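Engineer:
In the numbering used here, the protein residues as written are 71 to 335.
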């Protein structure tokens, strides 16, 4: 697919915006003509009355035609465009042009520290848990940039405690001689414990969990309230996609996590 087509949503919206602007100007002219018509009626200026009627009629006709042009001009096949890869590609291309780091991972886009998912059927974009209806690529990418400039709302201390609680449950299922040792629990097992309730995995996806692990890792918050220090040991398991969780880092590199361990500080 060529570059011109990849930017077609931005161009289509720009054209329709121009058409709507022209309709607004025609509407302003129409209102002005109607006001002159009203004034002539109020003052009884019979000489001007017919002129203002004709001028208002012409303005209304011009407005009707301009609106019809704008209406017919929006013939964009949004359903096909949003359902395929075209819209996603346009977002990536626009972000590159605007100097905003956006990367693709699985069925999502990653714009540190946000996960972005396109919802074609809803004509919306999901940024973490928030739905955005503004789909114009340049406006949306600029919105991402503005969000990036705000402080990250992630709370590493609370997330660390949740990890430790799930880790403790996992360790309790191990043989007794492993309890209180540096046992490594796969992060996927911890994730499964955190999302045991029905539908919880939809509310909190593996991609979000991986992102949060990365944010915790980057935060340098490592000690629980009980004084235990977290670590994320690597393993031969990191070679297998089925045993790891993967995140795109702030710089666009792929990082894999396998296990988690807590030891006395």
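Note that the Cβ used here is the ideal one computed from N, Cα and C, for glycine as well. None of these values were measured; they are calculated from a predicted model.
Go ahead and pull the three-state DSSP assignment for residue 73.
Structural biologist: Because residue 73 carries a pLDDT of 41, less than 50, the predicted location of this residue cannot be relied on, and no value is offered for it.
Engineer: For residue 128, which of helix, strand or coil comes out of DSSP?
Structural biologist: helix
Engineer: Quick check for students: name the residue ranges of the beta strand (DSSP E) that lie wholly in the stretch 148-179, counting only runs of 3 or more.
Structural biologist: 173-175
Engineer: Pull up the distance between the alpha-carbon of residue 157 and that of residue 94, whole angstroms please.
Structural biologist: The alpha-carbon atoms of residue 157 and residue 94 are separated by roughly 29 Å.
Engineer: If the criterion is Cβ atoms closer than 8 Å, does the pair residue 211 and residue 186 meet it?
Structural biologist: Contact check for residue 211 against residue 186 fails: the beta carbons are separated by 8 Å or more.
Engineer: Figure out for me which residue from 83, 131, 87 and 291 has the closest Cα to the Cα of residue 103.
Structural biologist: 131
Engineer: Work out the CA separation of residue 190 and residue 148 for me, nearest whole Å.
Structural biologist: 9 Å
Engineer: Grouping DSSP H, G and I as helix and E and B as strand, with all else coil, what is residue 266?
Structural biologist: coil
Engineer: Taking the C-alpha atoms as reference points, what is the distance between residue 71 and residue 123?
Structural biologist: Only weak support exists for where residue 71 lies, its pLDDT of 40 falling under 50; the value from the coordinates is given anyway. Near 53 Å, if we compare the C-alpha coordinates of residue 123 and residue 71.
Engineer: Helix, strand or coil for residue 249, going by three-state DSSP, please let me know.
Structural biologist: Summary for residue 249: the model assigns pLDDT 49, below 50, so the residue's position carries little reliability, and this model does not support an answer.
Engineer: Who are the Cβ neighbours of residue 281 in its own chain at under 8 Å, not counting the five residues just before and after it?
Structural biologist: Contacts found: 180, 183, 185 and 317.
Engineer: How far does the beta strand (DSSP E) with residue 325 in it extend, from its first residue to its last?
Structural biologist: 324-327
Engineer: Can you say whether residue 195 is buried or exposed, counting buried as having 16 or more other CB atoms within 10 angstroms of its CB?
Structural biologist: buried
Engineer: Three or more C-beta pairs under 8 Å: does that hold for the stretch 254-268 against the stretch 285-300?
Structural biologist: no
Engineer: Could you check whether residue 82 and residue 146 sit closer than 8 Å to each other, using their CB atoms as the reference points?
Structural biologist: yes
Engineer: Quick one: using the 10 Å Cβ neighbour count with 16 as the cut-off for buried, is residue 221 buried or exposed?
Structural biologist: exposed
Engineer: Taking residue 100 and residue 133 to be in contact with their CB atoms under 8 Å, please state how far apart those CB atoms are, rounded to whole angstroms.
Structural biologist: 5 Å
Engineer: Would you tell me roughly how many angstroms separate the C-alpha atoms of residue 249 and residue 175, rounded to the nearest one?
Structural biologist: Per-residue confidence for residue 249 stands at a pLDDT of 49, beneath the threshold of 50, marking its modelled position as unreliable; no derived number is given.
Engineer: Measure the alpha-carbon distance for residue 328 versus residue 276 and round it to whole angstroms.
Structural biologist: Taking the straight line from one Cα to the other gives about 13 Å.
Engineer: Which first and last residues belong to the beta strand (DSSP E) in which residue 187 is found?
Structural biologist: 184-189
Engineer: Does residue 172 pass the burial test, meaning 16 or more other C-beta atoms within 10 Å, or should it be called exposed?
Structural biologist: buried
Engineer: If you drop the 5 nearest sequence neighbours on each side, which residues of the same chain put their C-beta closer than 7 Å to that of residue 144?
Structural biologist: 86
Engineer: Any idea what DSSP makes of residue 317, helix, strand or coil?
Structural biologist: Per DSSP, reduced to three states, the secondary structure at residue 317 is strand.
Engineer: Under a three-way DSSP split, which group does residue 334 fall into?
Structural biologist: Strand at residue 334.
Engineer: Kindly indicate which three-state DSSP category residue 88 falls into: helix, strand or coil?
Structural biologist: helix
Engineer: To which residues of the same chain is residue 140 closer than 8 Å at the C-beta, ignoring the five residues directly before and after it?
Structural biologist: Once the five neighbours on either side are set aside, the close Cβ partners of residue 140 are 86, 89, 90, 92 and 93.
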